[in-house]
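Structure first, commentary second.
In the UniProt record's numbering, the protein residues as written are 1 to 209.
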């Protein structure tokens, strides 16, 4: 077996043989599938997972190094969670940073002039193929009331928006007060990237592995 070192620590694409596949459920956004996968030693095992189009999230950071956060009800976990502006990749062919800019405008009524890729993650790779790209947005301006044409529905109605100092947001993550996965990842990644003035971040249109 090849000896693995620190230089080898990087996720890589790989696909094991699927000998059979069964669709269990399908809705407007997600579906549930069972794949029978060939395992080592020529064994097979069934793997159930949710297929998902993917998501984006935005860590909007103002000139005072504060993070824009909003609170939304999440029924599966029965909780009001503090999150970043986020949404589903629901427009075919749309660049992900434009999807993120649209979500920032619709959910928080802000625009940004500077965009970078902050962090990529799989929300729960053992049970879904959902991938999330979190962007860093800076150079923020609030959209005037007269230019806002998005109508909020359901859980999005009445979402409060709070500006949280980045260091305090890190503390809230570490103390278990923030649980949303892209919010946790984005806050910690932004705090780490702040050390070099965000110079090491990838461009907004960086390819996804």
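Idealized CB from N, CA, C, for every residue including glycine.
| Asked | Found |
| --- | --- |
| Anyone know if the C-beta pair for residue 50 and residue 67 falls short of 8 angstroms? | no |
| On the three-state DSSP scale, how would you describe residue 201? | coil |
| Does the Cβ-Cβ distance between residue 118 and residue 201 come in under 8 angstroms? | yes |
| Mind checking residue 186: buried by the 16 CB within 10 Å criterion, or exposed? | buried |
| My output table needs one value for residue 208: the three-state DSSP class, helix, strand or coil. | coil |
| On the DSSP letters alone, give me the boundaries of the beta strand (DSSP E) that residue 132 sits inside. | 131-142 |
| Grab the span of the beta strand (DSSP E) containing residue 59 for me, first residue to last. | 55-60 |
| Could you please give me the residues that DSSP links to residue 88 through a beta bridge? | 55 |
| For the alpha helix (DSSP H) containing residue 181, name the first residue and the last one. | 181-193 |
| What's the C-alpha gap between residue 105 and residue 208? | 24 angstroms |
| Between residue 171 and residue 121, what straight-line distance do the alpha-carbon atoms span, to the nearest angstrom? | 21 angstroms |
| Specify the secondary structure class of residue 105 as computed by DSSP and reduced to three states. | helix |
| Among residues of its own chain, excluding the 5 on either side of residue 25, which ones have a beta-carbon nearer than 8 angstroms to its beta-carbon? | 31, 32 |
| Could you please give me the residues that DSSP links to residue 33 through a beta bridge? | 23, 49 |
| Three-state secondary structure (DSSP) at residue 120? | strand |
| For residue 182, is the classification buried or exposed, using 16 other Cβ atoms within 10 angstroms of its Cβ as the cut-off for buried? | buried |
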